[in-house]
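Residue numbers (my numbering): 50 to 298.
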């Protein structure tokens, strides 16, 4: 990542947030703020945004191909990918909250709490759970990934089912504030970027629980991640340790 990326990201943030203020508040855009900022960051030319391709609309279509911005629910991309990948090169952009500050909003008054910093930092490994949903496409030569780690401020509504109204609450919006890192995956070899250095090239290999510990993922998410990494050939199965499988990068 270079200085130009940081400057362009900040410019996109300022432009989208200013547009939202003109429309009387963040969250009033037709799309969520992170999606709007990333679209502006990746391609500021409006004529290249929301372009019809076949019966679908691409977030971006320019000289480099198609760019789709997806923060979750990669299931929703399957039909698009089936068509897009046979036409153009496709890049999926996946935003990850690196440092997150949280506000709580009273749904009746609109009053915001003081912001609180989340103790957990986001990691690029989080994309692997979503990639499991599009496994059949991962080896396609036209598919690339772009993981964007960013600081952000998240606002949630105090409308949950728990006594403090926080559990089961609705996310109102997320506002990007700073670009932290961009990780690109264009080849199958690039998937090794999603293996922690402590696990790479260990002669004795590693278990799913080792991957979970090294990445901070839960046991179930780590199992899914390892499944995806094996699918694309970033790791291989080399044996068993009791009932657990042993993998090697």
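Heads up, the beta-carbon is just placed ideally off N, CA and C, and yes, glycines get one too.
Note the first and the last residue of the continuous alpha helix (DSSP H) segment covering residue i.
i, result
"residue 259", "257-264"
"residue 133", "127-133"
"residue 269", "268-280"
"residue 298", "Looking at the DSSP string, residue 298 is not in any alpha helix (DSSP H), and its letter there is neither H nor E."
"residue 178", "176-180"
Rounding to the nearest angstrom, what Cα-Cα distance links residue i and residue j in this structure?
i, j, result
"residue 299", "residue 195", "The requested residue 299 is not part of the displayed model; the chain covers only 50 to 298."
"residue 243", "residue 250", "14 Å"
"residue 93", "residue 283", "34 Å"
"residue 96", "residue 176", "29 Å"
"residue 53", "residue 60", "10 Å"
"residue 290", "residue 187", "29 Å"
"residue 56", "residue 63", "11 Å"
"residue 215", "residue 274", "29 Å"
"residue 288", "residue 107", "43 Å"
"residue 78", "residue 98", "For residue 78, the predicted model reports a pLDDT of 40, less than 50, meaning its position is unreliable and no value from the coordinates is stated."
"residue 75", "residue 82", "Since pLDDT at residue 75 reaches only 47, below the 50 mark, its modelled position is unreliable, and the value read off the structure follows with that caveat. C-alpha separation (whole angstroms): 8 Å."
With a cut-off of 8 Å on the beta carbons, I'd call residue i and residue j a contact; round off their distance for me.
i, j, result
"residue 123", "residue 180", "7 Å"
Using 10 angstroms around the beta-carbon of residue i, count the other beta-carbons present and answer buried if the total reaches 16, otherwise exposed.
i, result
"residue 29", "Because the chain in this structure spans residues 50 to 298, residue 29 falls outside the shown range and cannot be described."
"residue 185", "exposed"
"residue 193", "buried"
"residue 293", "exposed"
"residue 58", "buried"
Span of the beta strand (DSSP E) holding residue i?
i, result
"residue 107", "105-111"
"residue 87", "Per DSSP, residue 87 belongs to no beta strand (DSSP E); it is in the alpha helix (DSSP H), 82-91."
Touch check for the region 153-173 and the region 114-121: three-plus C-beta pairs under 8 Å?
no
Is the region 140-147 touching the region 188-207 in the sense that three or more CB pairs, one from each, lie closer than 8 Å?
yes
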